[in-house]
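If you read the sequence shown in the working numbering, its first letter stands for residue 21, the second for the next number, and so on. Every residue gets a Cβ at the ideal spot worked out from N, C-alpha and C, and that includes glycine. Nothing here was measured: the structure is a model prediction, and the numbers come from that model.
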Amino acid sequence: MRRIIVGITGGASGVIYGVRFLEMVKKYATDSEIHLIVSNTAIGILKYEVGLDKASLSKFADRSYDENELDAPIASGSFKHDGMVIIPCSMKTLASIAHGITDNLITRAADVALKERRKLILVIRETPLNLIHIKNMELVTLAGAIVMPAAPPRFIIGRGLLMIW
21 MRRIIVGITG GASGVIYGVR FLEMVKKYAT DSEIHLIVSN TAIGILKYEV
71 GLDKASLSKF ADRSYDENEL DAPIASGSFK HDGMVIIPCS MKTLASIAHG
121 ITDNLITRAA DVALKERRKL ILVIRETPLN LIHIKNMELV TLAGAIVMPA
171 APPRFIIGRG LLMIW
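1) Is Glu53 helix, strand or coil when you go by DSSP?
2) Per DSSP, which residues does Met104 bridge with? Please list them.
3) If I measure Cβ to Cβ from Thr122 and keep anything under 6 Å in the same chain, skipping five residues before and after, which residues do I get?
4) Please name the residue, chosen from Leu72, Val70, Val143, Asp91, that lies closest to Thr113 on a Cα-to-Cα basis.
5) Taking Asp86 as part of the beta strand (DSSP E), name the residues at either end of that continuous run.
6) Less than 8 Å between the C-beta atoms of Met104 and Glu53, yes or no?
7) I'd like to know whether the C-beta of Leu134 is nearer than 8 Å to at least one C-beta of chain C.
8) Alpha carbon to alpha carbon, how far is Leu24 from Ala171?
9) In its own chain, which residues sit with a C-beta less than 6 Å from the C-beta of Ala118, not counting the 5 before and 5 after it?
10) Have a look at Ser96, Ile28, Pro93, Asp91 and flag the residue whose alpha-carbon is nearest the alpha-carbon of Lys74.
11) Could you pull out every residue in the same chain whose Cβ sits closer than 6 Å to the Cβ of Ser116, ignoring the five residues on either side in sequence?
12) Have a look at Val35, Ala81, Val167, Pro108 and flag the residue whose alpha-carbon is nearest the alpha-carbon of Lys47.
13) For Pro108, is the classification buried or exposed, using 16 other Cβ atoms within 10 angstroms of its Cβ as the cut-off for buried?
14) Going by C-alpha distance, which of Ala133, Pro93, Leu125, Lys67 is nearest Val36?
15) Below 8 Å between beta carbons: does that hold for Asn88 and Asn124?
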């Protein structure tokens with residue numbers, strides 16, 4: 021059984037990537053245990069753009085956490101997992117991870133993944149990019165993360181991101 025932490029952060033029109041990723045994991049990676057964190061911003065966007073609430077999204081997860089639940093098991097290096105994906109990863113979340121700011125469960129779990137040398141995939145959807153975004157992507161890449169731009173056909177039609185696992 022693979023344990024995967026999935027974070028979904030706010031970002032206009034990007035939360036659908038997280039929804040589709042969870043659907044694909046449920047369909048193709050049935051040997052996976054999913055631990056889900058949805059940011060408060062993403063919850064609002066889910067309701068507005070996709071018509072889903074956190075409860076309906078949580079059905080794709082084995083365990084769901086609140087973004088302020090910093091005492092959750094996934095906030096510790098002793099929680100063994102196979103990797104984490106943040107999809108979509110907002111530029112705010114990217115910046116927080118790049119600079120070690122762990123003020124919510126998503127950034128804390130990402131920080132732990134990096135320090136424990138576990139797989140961390142950040143699926144960004146922001147364009148165009150400014151130099152600050154690029155420098156933050158460089159920092160997380162140097163720390164061991166994989167930065168992957170959102171590419172709709174890879175998530176909706178195929179299993180592109182699942183192949184990285």
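In short:
1) Indexing the sequence shown from 1 puts residue 53 at position 33. When secondary structure is reduced to three states using DSSP, Glu53 falls in the strand class.
2) Locating residue 104 in the sequence shown gives position 84, where the first residue counts as 1. Note: Met104 sits in a beta bridge opposite Ile25, Leu140.
3) As a first step, residue 122 must be located in the sequence shown, where it is residue number 102. Within the same chain, Thr122 has close Cβ partners Arg128, Asp131.
4) The sequence position of residue 113 within the sequence shown is 93, counting from 1. Checking every option, the nearest Cα to that of Thr113 belongs to Val143.
5) Position 66 of the sequence shown holds residue 86. Here the beta strand (DSSP E) through Asp86 covers 83-86.
6) As a position in the sequence shown, residue 104 is number 84, starting the count at 1. As a position in the sequence shown, residue 53 is number 33, starting the count at 1. No, the Cβ-Cβ distance between Met104 and Glu53 is not below 8 Å.
7) Any reference to chain C falls outside this structure, which holds one protein chain only.
8) What you label residue 24 is simply residue 4 of the sequence shown in a count that begins at 1. What you label residue 171 is simply residue 151 of the sequence shown in a count that begins at 1. Inspection of the sequence shows that residue 24 is occupied by Ile rather than by Leu. When the Cα atoms are used, Ile24 and Ala171 turn out to be separated by approximately 21 Å.
9) Start at 1 with the first residue of the sequence shown, and residue 118 comes out as number 98. Same-chain partners within the cutoff: Asn156, Leu159, Val160.
10) Here residue 74 refers to the residue found at position 54 of the sequence shown. Among Ser96, Ile28, Pro93, Asp91, the Cα nearest to that of Lys74 belongs to Ile28.
11) The residue labelled residue 116 in the question sits at position 96 within the sequence shown. Excluding sequence neighbours, Ser116 sits near Thr127.
12) Here residue 47 is taken as the residue at index 27 of the sequence shown, counted from 1. Selected option, being the one with the closest Cα: Ala81.
13) In the sequence shown, residue 108 corresponds to position 88, counting from 1. Burial state of Pro108 is buried, judged by a 10 Å Cβ sphere holding 16 or more other Cβ atoms.
14) Taking the sequence shown and counting its residues from 1, one reaches residue 36 at position 16. Before going further, note that residue 36 is Ile rather than Val in the sequence given. Looking at the Cα atoms, Lys67 is the closest of the given residues.
15) Mapped onto the sequence shown, residue 88 falls at position 68. Mapped onto the sequence shown, residue 124 falls at position 104. Contact flag set, yes.
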